[in-house]
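Chemist:
Residue numbers (UniProt numbering): 1 to 447.
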């Protein structure tokens, strides 16, 4: 199974490269055509949104008679959007053609936009220019490449559907819901065939449930249209993934370079791992007593570093901090005075000493628990620190580290047993070294 997964993953990369990536040709002519068709003209639009259709129609008619800009200035700001330039690719398809063909001064609409009505005033148009095209080349290239990838991938899938004789039983699929329990007569029926592979209704429902959680999170019941769309999406995804996986394996990229060498290496590695798992690892034994003994003998390796519990007042305001320090020295409570700097005050916090900045460590070295430091500065901030407690280094509990110790001891014993096994194999084998080839390899590697 692992070998098949390896081949499928690598094969998919080669298949994509062969059928998609190598066939994409991004030329200046293609980008200029895309630029002219979807990025020009730039159209300056003033947009008015109204909830009432009749009011929208009335306003549009008045704008056509009196001029859009005159009426525009009298509108409340919440009903209008500031005019800006739009490119055709950014304009909704249902009225894109009308907007692009309209002349400056024309009023379009109203168009239904959700719960509102939209009136469009065309104010200005700018045609294609060399400088604008040059600035857009990176974006045009990305868009063109994405579209070509989608087109070539769709074309590949259609060819593979014929090659592998894909069959979809939409009549059965239409009976499969997300939440509903499958009827007994439907559960084991095949709803999808790709070559020799078959998918049952029960398995398809699992895919349906998984995708529903992703596409409609938190939604308990899908509408009929949402469910129908989901079924088609799931079918398309399963078909695409299955077809490309089959084709990637059937093209046998592992029989030729550059995958051939990697494939041979991976197979050898898998064989070695399988041999180790069957022959060596079963002989690796580590008892709980051995783990405990190692822990006791190496406690120094499992020590928690020294810690301090401190409360810190800090601010960039030197004058404020000097006043705070003066009040603390005169006997006022550290935590009460801290509220002058921080509304919520400060609270004791525990830190590992080795994680504190050197300046802070140096200040704390001269304090005893309960003492307050002087005013000191670190990188533009002023600090006053109260040392609450010191916690000396202590070993981590055995329960916390026993698993890692056991794993380490097991690995050490595995390495020793593997070395012994290799030596045993060497003793039973005849090994010849091509000295000439070996010296050449050493020279090439600079060893």
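Even for Gly, the Cβ is constructed at its ideal location relative to N, Cα and C. A quick note: this is a predicted structure, and the numbers were derived from the prediction, not measured.
Once you ignore the five residues that flank residue 400 on each side, which residues in its own chain have a CB closer than 6 Å to its CB?
Modeler: Counted from its first residue, the chain shown places residue 400 at position 400. No residues qualify anywhere along the chain.
Chemist: With 16 as the cutoff for other CB atoms within 10 Å, does residue 204 come out buried or exposed?
Modeler: Locating residue 204 in the chain shown gives position 204, counting from the first residue. So residue 204 counts as buried.
Chemist: What ranges does the beta strand (DSSP E) occupy inside the region 160-226, keeping only unbroken runs of at least 3 residues that lie completely in it?
Modeler: Counting whole runs of 3 or more residues, the region 160-226 contains the beta strand (DSSP E) stretches 190-194 and 197-200.
Chemist: Decide if residue 322 is buried, meaning its Cβ has at least 16 other Cβ atoms within 10 Å, or exposed.
Modeler: Start at 1 with the first residue of the chain shown, and residue 322 comes out as number 322. By the neighbour-count rule (16 or more Cβ atoms within 10 Å), residue 322 is not buried but exposed.
Chemist: Whole angstroms are fine: how far does the CA of residue 31 sit from the CA of residue 141?
Modeler: Numbered from 1 along the chain shown, position 141 holds the residue referred to as residue 141. Numbered from 1 along the chain shown, position 31 holds the residue referred to as residue 31. Rounded to the nearest angstrom, the two C-alpha atoms are 7 Å apart.
Chemist: Figure out for me which residue from 41, 189 and 225 has the closest Cα to the Cα of residue 90.
Modeler: By one-based count along the chain shown, residue 90 stands at place 90. Considering only alpha carbons, the answer is 41.
Chemist: Report the CB separation of residue 186 from residue 172 in whole angstroms; it is logged as a contact under 8 Å.
Modeler: Against the chain shown, residue 186 aligns to sequence position 186. Against the chain shown, residue 172 aligns to sequence position 172. Contact flag correct, Cβ pair sits at about 7 Å.
Chemist: My understanding is that residue 243 touches residue 194, with C-beta atoms under 8 Å, so please give their C-beta distance in whole angstroms.
Modeler: To locate residue 243, count along the chain shown from 1; it is residue 243. To locate residue 194, count along the chain shown from 1; it is residue 194. Going by Cβ atoms, the distance from residue 243 to residue 194 rounds to 6 Å, so yes, they are a contact pair.
Chemist: Going straight from the alpha carbon of residue 391 to that of residue 307, what length do you get?
Modeler: In the chain shown, the residue the question calls residue 391 occupies position 391. In the chain shown, the residue the question calls residue 307 occupies position 307. For residue 391 and residue 307, the distance between alpha carbons rounds to 5 Å.
Chemist: Tell me the DSSP secondary structure of residue 399 in three-state form.
Modeler: Counting from one through the chain shown, the residue named residue 399 turns up at place 399. Of the three classes helix, strand and coil, the one that applies to residue 399 here is helix, per DSSP.
Chemist: So, at 6 Å on beta carbons, what are the nonlocal neighbours of residue 124 in its own chain, with the 5 sequence-adjacent residues on each side left out?
Modeler: Indexing the chain shown from 1 puts residue 124 at position 124. Result list for residue 124: 44 and 104, in chain order.
Chemist: Rounded C-beta distance between residue 215 and residue 230? I'm assuming under 8 Å.
Modeler: Along the chain shown, one-based indexing puts residue 215 at 215. Along the chain shown, one-based indexing puts residue 230 at 230. Indeed they touch by this definition, with Cβ atoms about 7 Å apart.
Chemist: What ranges does the beta strand (DSSP E) occupy inside the region 94-158, keeping only unbroken runs of at least 3 residues that lie completely in it?
Modeler: Taking only runs of at least 3 residues, the beta strand (DSSP E) segments lying wholly in the region 94-158 are 107-113 and 116-126.
Chemist: Look at residue 425 and residue 247 and say whether their C-beta atoms are less than 8 Å apart.
Modeler: Position 425 of the chain shown, counted from the first residue, corresponds to residue 425. Position 247 of the chain shown, counted from the first residue, corresponds to residue 247. No; because the gap between Cβ atoms is not below 8 Å, this pair is not in contact.
Chemist: Quick one, which of 422, 7, 266 and 58 has its alpha-carbon nearest residue 107's?
Modeler: Mapped onto the chain shown, residue 107 falls at position 107. Comparing Cα positions, the closest option is 58.
Chemist: Just list the residues that DSSP pairs residue 311 with in beta bridges.
Modeler: Sequence index remark: in the chain shown, residue 311 carries index 311 (1-based). DSSP output for residue 311 lists 386 as bridge partner(s).
Chemist: Along the chain, where does the alpha helix (DSSP H) containing residue 324 start, and where does it finish?
Modeler: Working through the chain shown from its first residue, we reach residue 324 at position 324. Per DSSP, residue 324 belongs to the alpha helix (DSSP H) from 318-329.
Chemist: Can you name, in chain order, every residue of its own chain whose Cβ lies under 8 Å from the Cβ of residue 62, other than the five neighbours on each side?
Modeler: Taking the chain shown and counting its residues from 1, one reaches residue 62 at position 62. Counting only Cβ-Cβ distances below 8 Å, and skipping sequence neighbours, we find 71.
Chemist: Does the separation of the CB atoms of residue 417 and residue 273 fall below 8 Å?
Modeler: Stepping through the chain shown from its first residue, residue 417 is reached at position 417. Stepping through the chain shown from its first residue, residue 273 is reached at position 273. No, these two residues do not count as a Cβ contact at 8 Å.
Chemist: Taking residue 9 as the reference, which of 398, 265 and 259 has the closest Cα?
Modeler: Taking the first residue of the chain shown as position 1, residue 9 is located at position 9. For the residues 398, 265 and 259, the minimum Cα distance to residue 9 belongs to 259.
Chemist: Mapping DSSP to helix, strand and coil, what is residue 280?
Modeler: The count along the chain shown starts at 1 and reaches residue 280 at position 280. Reduced to three states, the DSSP call for residue 280 is helix.
Chemist: Since residue 232 and residue 304 are thought to touch, with beta carbons under 8 Å apart, how far apart are those beta carbons, to the nearest angstrom?
Modeler: Residue numbering aside, residue 232 sits at position 232 when the chain shown is read from its first letter. Residue numbering aside, residue 304 sits at position 304 when the chain shown is read from its first letter. In fact, because the Cβ distance is near 58 Å, the residues do not count as touching under 8 Å.
Chemist: Run through the DSSP bridge pairs and tell me what residue 46 is partnered with.
Modeler: Counting from one through the chain shown, the residue named residue 46 turns up at place 46. DSSP output for residue 46 lists 121 as bridge partner(s).
Chemist: Below 8 Å, can you find three or more Cβ-Cβ pairs linking the region 284-292 to the region 359-370?
Modeler: The region 284-292 vs the region 359-370: no contact.
Chemist: Which residues mark the beginning and the end of the beta strand (DSSP E) in which residue 87 is found?
Modeler: Along the chain shown, read from residue 1 onward, the residue named residue 87 stands at position 87. Here residue 87 belongs to no beta strand (DSSP E), and DSSP marks it neither H nor E.
Chemist: Looking only at its chain, what residues have a beta carbon closer than 8 Å to the beta carbon of residue 294, apart from the 5 residues adjacent to it on each side?
Modeler: Position 294 of the chain shown, counted from the start, is the residue given in the question as residue 294. Excluding residues within five positions, the ones whose Cβ falls inside 8 Å are 405 and 409.
Chemist: Between which two residues does the alpha helix (DSSP H) harbouring residue 265 extend?
Modeler: Translated into the one-based positions of the chain shown, residue 265 becomes position 265. Taken as a continuous stretch (DSSP letters only), the alpha helix (DSSP H) holding residue 265 covers 259-275.
Chemist: Which word fits residue 387, buried or exposed, when buried means at least 16 other C-beta atoms lie within 10 angstroms of its C-beta?
Modeler: What you label residue 387 is simply residue 387 of the chain shown in a count that begins at 1. Buried, because 16 or more other Cβ atoms sit within 10 Å of the Cβ of residue 387.
Chemist: Assuming contact is defined by CB atoms lying nearer than 8 Å, are residue 310 and residue 348 in contact in what I supplied?
Modeler: What you label residue 310 is simply residue 310 of the chain shown in a count that begins at 1. What you label residue 348 is simply residue 348 of the chain shown in a count that begins at 1. Cβ atoms of residue 310 and residue 348: closer than 8 Å.
Chemist: Note the first and the last residue of the continuous beta strand (DSSP E) segment covering residue 36.
Modeler: Taking the first residue of the chain shown as 1, we reach residue 36 at position 36. Per DSSP, residue 36 belongs to no beta strand (DSSP E); it is in the alpha helix (DSSP H), 28-38.
Chemist: What residues are listed by DSSP as bridge partners for residue 381?
Modeler: Within the chain shown, residue 381 is the residue found at index 381, counting from 1. 378.
Chemist: Quick check: the Cα distance between residue 133 and residue 27, rounded to an integer number of angstroms?
Modeler: Here residue 133 refers to the residue found at position 133 when the chain shown is read from its first residue. Here residue 27 refers to the residue found at position 27 when the chain shown is read from its first residue. Each residue's alpha carbon lies about 13 Å from the other.
Chemist: With distance defined between alpha-carbon atoms, name the residue in 166, 51 and 414 nearest to residue 115.
Modeler: Position 115 of the chain shown, counted from the start, is the residue given in the question as residue 115. Residue 115 has its Cα closest to that of 51, out of 166, 51 and 414.
Chemist: Taking the C-alpha atoms as reference points, what is the distance between residue 382 and residue 324?
Modeler: Here the question's residue 382 lines up with position 382 in the chain shown. Here the question's residue 324 lines up with position 324 in the chain shown. Distance between the alpha carbons of residue 382 and residue 324: 11 Å.
Chemist: Do you know how far the Cα of residue 145 is from the Cα of residue 34?
Modeler: Your numbering for residue 34 matches position 34 in the chain shown. Your numbering for residue 145 matches position 145 in the chain shown. Going by the C-alpha atoms only, they are around 11 Å apart.
Chemist: With DSSP run on the structure shown, which of helix, strand or coil describes residue 373?
Modeler: For the purposes of this step, residue 373 is taken as residue 373 along the chain shown, with counting starting at 1. Residue state, collapsed to three classes: coil.
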